[in-house]
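Colleague: Dropping the structure in here first, questions after.
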Amino acid sequence: MIRLLAVLAAFTLSPTAIFAADFAITGGKVVTNQNGQIIENGTVVIKGNRIVEVGPSSSVTIPAGFETIDAKGKWVTPGLFVPFSRVGMVEIALEKTTNDTRAKESPFSVALQAIDSFNPKSENVAITRLEGVTRMAILPDASHTIFGGRGALVDTSGDFMVERAAPAFVFIQMGEYGASIAGGSRSASWTWLRQAVAEARAWRRGREPAEPLMLTADALALQQALRDDLPFLVHVERASDLMNLIHFKQEMDGIDIIAVGATEGWMVAEQLKEAEISVILDPHDNLPQGFENLGATMYNAKRLHDAGVTIAIADLHDEAFNARLAPQHAGNTLATGLDWNTAFAAISSVPAQMFGVDDQYGQLAAGMEADLVIWDGDPLELMSAPDMVYISGEKQQMQSRQTLLRDRYMDKGADQTLPYAYR
Amino acid sequence: MGSRLVGTFVLGLGLSLGVVSPIWADDAPYPSTYQPLPSTSVLLQNGTLLDGLGGQTANADLLINDGKISAVGPNLSVPEGTRIIDATGKWITPGIIDIHSHLGVYPAPGVQAHNDGNEVTNPVTAEVWSEHGIWPQDPGFNRARTGGITSLLVLPGSANLFGGRGVVLKNVPSRTVQGMKFPGAPYALKMACGENPKRVYGEKGGPGSRMGNFSGYRKTWIKAVAYREKWAKYKKELAKAKPEDEKQPSEPDRDLQMETLVGVLNGDIRVNMHCYRADEMAQVIDLSKEFGYKVSTFHHAIEAYKISDLLKENGICAAMWADWGGFKMEAYDSIRENIPMVHHAGGCAIVHSDSEVGIQRLYQEAAKALADGRKAGLDISKGQAWRWLSSNPANAMGIGDQTGSLTVGKDADIVLWDGDPFSIRTRAELVLIDGALLYDKNDRNRQAVSDFELGQPGNGEEK
C-alpha cells in the first residue's frame, strides 16, 4: 500500500523502473543549474520522488538508512528536458500506421492533443531516456491548418501515466510552411491566425461567431488555451516573420510566445528581447536551406543569448529518433563562444522555465522532482554518456531494443552453435 | 594533363570516324580541369598527429612541399622560407573524405528548381551522371570545408535501382564541376536496395516489391553482359578486317546506360549500393557474383553489424551513420555501435554523412561511434577511428594512393584542428587541399563565400 502511494505520487504506473529506496549520490561534480553553480564534490539526497538536499559533500549529512551511490569522478546533473519533440508519437516515420505526428485527413486542428498519440512504450522513448533525457515537450505537427494542436509535457520513464497530461502549449506553423497550408501566402496565414484568436475570444465572451472559421471543438480548445495562458509555440525562420510575430504579440496582449526555428533570429535579437519572445533553436542550422533561412548561422544561439533572449536547444530535424542528440546540438554552441552553463541550461532548466514547470524540473535543489543523470564525463562532450538515469527518484533500466540487438550480435558469452535468435 | 588532353582529342576524332569504342571510365569526356591552387612550403610543428592509417604520434612535425606531404617525423629541419605553423596543443589529421554526399545535386537553397539528385523517370538510369546535376555554387561545399572535408563522392539519390554515375571531387571552390573533379579518380555507380525503389515505382509500373527489385537488377545486368560481348565481337572482327575488304564490320549502337554498366563489369567503375538490411546485403553479394562484378561499399548499412563477417570475407566496406535510424522499416534495427562493431570484426568501416548538415561534423560522428563502441567494451584507439574518416573511404573510392593518410608523397590534404577533434569544443583551424590553404578559421580572406551567399544576411561572415 505504501508502494502504491509512492507510485501515485509520481503519477506513473511503473512496471519497468527499478524501485529505489531513499538514497544519496555522493562525490560527483554536481551541476545544480542554479545561477550556474557547479559543486566539484557534491552530494544530492533524494527521498521518494523529491530532492531533499544538495550541497558540498562536506556539509551534507546523509540521513540514516539512505543508500549511498558513489559518483566520484562522475558528473551529476538534472535530467535533460527536450523542448521540442515527437518522441513516442511515431515509431517509423514512413509507415503511416505507426506515425501519429500529424493528421492530414482530420477535420480538427487546435482540438488535437499530442498526448493522445503518445506511447510511453515506444522504442524511441527508451533510446531517448538512455541518453539522459527525462522530460520532453511533445507536439503534433500541422497539416491542413496552421494549428498542429496542443502539446504536452511527458517523462521518458516508459510508464503509463495515471492521469492524462493536460495541454501545455499550442503549436502553430507560420513561415513558408504555414503560408502554404493557409492558402498560399503569409498574408493568408497571419489572417488565419488573427481570425482564429478573435473567434476563440468571441466564444469566451459567450458569442458564437456568425461565420465560424473553425469547428466548435477547435475554437473551444483555443479559447481554453487562452484562458489557461498556454504559450503559443510558433515555427518561423525569417527575420521578417519574427517581426510579424512580435507585432502579433503586441496586438494580442497577454499571449506568451515561443518562437521555434528562428534561424534569422540574430537579425532581430534586440526586438525579440524587447518583446520577451523566447526561442527554441537548432544550432546546427547554418545553411540557407530555403529563402527563409538566408541568414542561417552557427552563431545564432550566441548572438541571441548576448542580446538577452532566452534560448532553448533541440534537434529540430530528427525530433523523434534523435531528440536524444540534444547534448551534441547544445555542445556545438561552445565553439561559437556560448558559455557552458548557458548551453547546458538550454537543454535542461530553460525548457522547464519556458513551459512554466521550473519549480519542479531542470534544477538540482531541495524540493525539485528527482530527475537526475549520472554521467561518465562532461554531458556536452561527444564521448560522454549517462551511467544512470533517475526519474522521479526511480532508477531507470539502461536498456532498449537497441542495446539488446547490440548484445545479441556481440556474442557475449553466448552458445555460438545456435542461431542468433537463441542468443 | 597532356595525355588527358590528347585522349579527349582522339576520342572526339574517333567518334566522327566511327571507330571508337564505348567510353569507359578512363577515357571519359567532361575531363577534370582541376589544378592545385597555389601553395607554399609549410611545416606544421609539434602537433598530435593521426596518420589516418591507425597511428597516433605526439609532438610530430609534418612538412608540405609542392602540394605533397614531403616529410613526417619529430623535429624536422626545414629550408629557409618554409612557413612554420606552431601546432602545439593542436591535432594534425588527413582531410576527411565523405563517401556519400549529395552536395551540388541537392543544394541549398532546397527549392524545387534544385532537385537534381534523382532522375525519377525510370528505375534504371545508369546513364545519368551526378556531375551533370552538380551546382558548384552550393554553399554546402564551403560549409563542409570548415568541417575538414577535403574530398567527397557526390552520388545520385536512391530512388532508382540503378541511379547513375557518381563523381569524386576535391572540395575546392570552382566555377565549374570539371574544376573540382578529382583527377584520375574512378567513377562510382549508385545502386539502391529495398524500400526506396519499390516505394517510388510501386504505382508507376514497378518494381513494386523486393522481388521486383532483384529482377530489375538481373535483367539489366544480363543486358550489360550481352552489350559487352557485342562490342568485344565487333572489336575482334575489326582487328581481323583488312582495309581492302568490301564488307567492313559495322559498329554497334552506343548505349549510355550500358556503357556505365560495362564499366562496372570491367572493374573500372565502383559499385556503391544503398542497402540497409543484412539479408538484403547478402542477396546483393550473390547478385554481384552472378554477374561477375564487385560491390565496393554498402551505404547506410544499418544492419552491417549483423553480417560483419560476411562483409569482411567479401572485402566490402560499410559506410554508416553513427546514430541515425528509425525513419523507415529497414532502418528500424539501427544501433549506435554499428561502426565500431564492423571495425572490430576486422571489416572496412566508414563514417558517411548523406547530409549537408552532417558532412560538417563527420569527425563528431566518429567520436560518438567510438565512444559507444568503447562503452560496449570494444577497445579502439582514436588513431584507428580516424581510418573511418580518411583512408577507408579513400581506398573504397579508389583514391587511396593519392590521399587519405599522412604518408610521404601523398596529396597534402590536411586539417589542423585547434584541439582534439574528438572533443565537441574543437574546430578545424586550417584546411589544406593539395597544400593550398583553402580555409583558415582566423582569416576572413581564407573563407570562401559562394556566389549565392554574396550580399545575403551576414554577408561574408563565417556561418
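Chains A and B are the protein sequences, given in the same order. My numbering puts the first residue of the first sequence at 1, with every later residue one more than the last. My numbering puts the first residue of the second sequence at 1001, with every later residue one more than the last. Glycine residues also receive a C-beta, built at the ideal position from the N, C-alpha and C atoms. Since the structure is predicted, the reported quantities are computational estimates derived from the model, not experimental observations.
1. Given a cut-off of 8 angstroms, decide if B/G1166 and B/Y1187 are closer than it, judged by their beta-carbon atoms.
2. Should the segment 80–90 of chain A be regarded as contacting the segment 136–154 of chain A, the criterion being three or more beta carbon pairs within less than 8 angstroms?
3. Hey, would you say the C-beta of A/F321 is under 7 angstroms away from at least one heavy atom of the ligand GDP?
4. Throw me the rounded Cβ distance for the A/T77 and A/W375 pair, which I believe falls under 8 angstroms.
5. Closer than 8 angstroms, CB to CB, is A/L433 near chain B or not?
6. Determine, using beta carbons only, whether A/I313 comes closer than 8 angstroms to chain B.
7. Could you compute how far the alpha carbon of A/S106 sits from the alpha carbon of B/E1462?
8. Using a Cβ-Cβ cutoff of 8 angstroms, what residues of the segment 113–130 of chain A are near chain B? List them in chain order.
9. Please report how far the alpha carbon of A/A366 lies from the alpha carbon of A/E53, in whole angstroms.
10. Establish whether the CB of A/M298 and some CB of chain B are separated by less than 8 angstroms.
11. Do B/D1379 and B/A1345 have their beta-carbon atoms positioned less than 8 angstroms apart in this structure?
12. Do B/I1414 and A/Q328 come within 8 angstroms of each other at the CB atom, strictly closer than that value?
13. Per DSSP, what kind of secondary structure is A/F66 in: helix, strand or coil?
14. Taking its Cβ as the centre, do 16 or more other Cβ atoms sit within 10 Å of A/Q363, making it buried, or is it exposed?
15. Looking at the structure shown, is B/Q1045 part of a helix, part of a strand, or coil, going by DSSP?
16. Contact between the segment 1392–1402 of chain B and the segment 1176–1185 of chain B: three or more CB pairs below 8 angstroms?
17. Could you please give me the residues that DSSP links to A/S85 through a beta bridge?
18. Since B/L1044 and B/I1069 are thought to touch, with beta carbons under 8 angstroms apart, how far apart are those beta carbons, to the nearest angstrom?
19. Indicate whether at least one CB of chain B lies closer than 8 angstroms to the CB of A/Y409.
20. Give a yes or no on whether the minimum CB-CB distance between B/V1200 and chain A is below 8 angstroms.
21. To which residues does DSSP link B/W978 through a beta bridge?
22. Buried or exposed: B/M1320, going by 16 or more other Cβ atoms within 10 Å of its Cβ?
23. Identify every residue that forms a DSSP beta bridge with B/P1393.
24. Terminal residues of the continuous beta strand (DSSP E) containing A/G27?
25. Beta-carbon within less than 8 angstroms of A/W426's beta-carbon, same chain only, minus the 5 sequence neighbours each way: which residues are those?
26. For B/V1111 versus B/G1133, is the C-beta spacing smaller than 8 angstroms?
27. Could you tell me the distance, in whole angstroms, from the CA atom of B/E1131 to the CA atom of B/G1325?
28. Under a CB-based cut-off of 8 angstroms, is A/L153 close to chain B?
29. Return the chain-ordered ranges of every alpha helix (DSSP H) run that is complete within the segment 277–321 of chain A and spans a minimum of 4 residues.
30. Which residue or residues does DSSP assign as beta-bridge partners of B/V1072?
31. At the 8 angstroms Cβ level, is B/V1111 part of the contact set with chain A, yes or no?
32. Indicate whether at least one CB of chain B lies closer than 8 angstroms to the CB of A/H284.
33. On the DSSP bridge list, what partners appear for A/V45?
34. Using a beta-carbon distance below 8 angstroms, is A/L139 in contact with chain B?
35. If B/N1272 and B/H1299 are in contact, beta carbons under 8 angstroms, what's the gap, nearest whole angstrom?
36. Comparing the C-beta of B/V1415 with each C-beta of chain A, is any distance below 8 angstroms?
Modeller: In this structure, then:
1. yes
2. yes
3. Only the bare structure without any ligand can be found here, which leaves the ligand GDP out of the picture.
4. 7 angstroms
5. Absent from the structure is residue 433 of chain A, since the part of chain A shown begins at 1 and ends at 423.
6. no
7. 44 angstroms
8. E123 and N124
9. 5 angstroms
10. yes
11. no
12. no
13. coil
14. buried
15. strand
16. yes
17. A/I138
18. Incorrect: roughly 10 angstroms between the Cβ atoms, too far for contact.
19. yes
20. no
21. With chain B represented from 1001 up to 1463, any question about residue 978 of chain B goes unanswered, as that position is not in the structure.
22. buried
23. Answer by DSSP bridge pairing: none, since B/P1393 is not bridged.
24. F23 to V31
25. There is no way to answer for residue 426 of chain A, as the model of chain A reaches only from 1 to 423.
26. no
27. 28 angstroms
28. no
29. 300–306
30. B/L1062
31. yes
32. yes
33. A/A24 and A/E53
34. no
35. 6 angstroms
36. no
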